[in-house]
Amino acid sequence: MPSRNIVNIILLGPGKVGKTFLNILMKNIEHIENTYRISLKVTGVFSSEREITDSNGLALSSLKKIIQGKKILRRATKPSNVHMLMNSGRPFILIDTTSSDNTAELILSALKKGGFAVLSNKRPLCLNFDIYNNFLKSGAQRLFFETTVGAGLPVIETLKSLIETGDEIIELNGCLSGTLGFIFSQIESGMTFSGSILSAKKMGYTESDPREDLKGSDVARKLLILSRLTGMHKEITDINLQALYPEKMNALTVDNFIKEISIYDRIYKGKMTEAKKSGKTIRFIARIKGNKLSANLTMVKKSGDLGSLQGPDNLIVIRTKRYFHHPLIIKGPGAGLEVTAAGVLSDILKIIKIIKGGIS
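Counting in full-length UniProt numbering, the sequence shown runs from 1 upward without gaps.
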């Protein structure tokens, strides 16, 4: 019986997404290995200051402890340990589930060494265009980042396919934030702006500091990633971005911000009331049109695709030369640990097929 290919997995970021990914991987690893006749080895797990490594693959008991949140990672003593694992001579996949700007160098190194990279972390893809372009030059076909936009939804794959087959993007509109979608659905139902933020926070939709959602920076990163996929050489500063609160409120503590944001309840109630008068509603829309990028509050038809969207779901409308009169619509849960982690695993399965020579 021929020996199985060994594929090493190196994980950056054993946080919520990282641990959920490891859990899903462990539940499915036997099926994956038998289906593709490979052997998957998690050889390293790295946080910003701690690590655990084994060039032969971490023991199942160690992985279970990481999933359970037990502190078994040791303080990192050698920054080169990631590089050491990448130099094993085996095919490897570097996975970035962090929320850090500082992983770009490792991603670039992995691609230059002929390895693969899977990202749920948007930030490295949103650094200056030269860094992004270096990723592409070093291994565009070995860089996977489906979950950076729409979590498990096939947004990146669809857009890539359209462009690679010669289609042209005319316009893209989307609700790319489950948090903001939930908030404005609540306001539409009669809840106050501040009340909807509190509700979203209690349900776990917001970051620990809801300003991270309300300033729109996460939507801006997703929009920048999509724009660069279409061939635009844009920077994050090129986006016309609307924050949902004044900049002076950044100086407040989280608790004080939540208390004081209620002074804007009347403003957002007024905006929603005005929209309803003409059969419309308000959504936070990310848009690519021509050479312009924007992410801001927009009045849309209540009966339309974007206006009828409820709760934390994402929806993207892609109008192209081929799909001009009937645009492509991608809709579904755009956030959540399970769908994001499953999306990371889906990217890994694509890589395994490449390594195995296109087995389907």
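Each residue gets a CB set at the ideal place from its N, CA and C atoms; glycine is no exception.
- Using a Cβ distance threshold of 9 Å, Gly174 and Ile285 count as a contacting pair.
- Annotated three-state conformation of Gly44 is strand, per DSSP.
- Only residues of its own chain outside the window of five on either side were considered, and among them Ser194 have a CB closer than 6 Å to the CB of Ser262, listed in chain order.
- Residue pairing by DSSP places Ala117 opposite Leu94 and Leu143 in a beta bridge.
- By the beta-carbon neighbour count (other beta carbons within 10 angstroms, threshold 16), Asn121 is buried.
- Following the DSSP letters along the chain, one finds Asn256 inside the alpha helix (DSSP H) bounded by residues Val254 to Glu260.
- Looking at the DSSP output, Leu11 sits in a beta bridge with Val45 and Ile95.
- Counting every other CB atom within 10 Å of its CB across the protein chains shown gives Thr273 a total below 16, marking it as exposed.
- By the criterion of at least three beta-carbon pairs nearer than 8 Å, the region 227-241 is not in contact with the region 185-199.
- A check of alpha carbon separations from Val344 across Ile329, Arg319, Glu146 and Lys292 identifies Glu146 as the nearest.
- Straight through space, the alpha carbons of Gly69 and Lys301 are spaced by roughly 45 Å.
- Pro246 is classed as exposed because its beta carbon has fewer than 16 other beta carbons within 10 Å across all chains shown.
- Taking all protein chains in view, the Cβ of Met86 is crowded by 16 or more other Cβ atoms within 10 Å, so the residue is classified as buried.
- For Ser62, the enclosing alpha helix (DSSP H) starts and ends at Leu60 to Ile67.
- Judged by DSSP in its simplified three-state form, Ser80 adopts coil rather than helix or strand.
- Note on geometry: alpha-carbon atoms of Ala220 and Gln141 lie some 24 Å from one another.
- Glu212 sits in a helix when the DSSP states are folded into three classes.
- The alpha-carbon of Ser62 is positioned some 38 Å away from that of Thr253.
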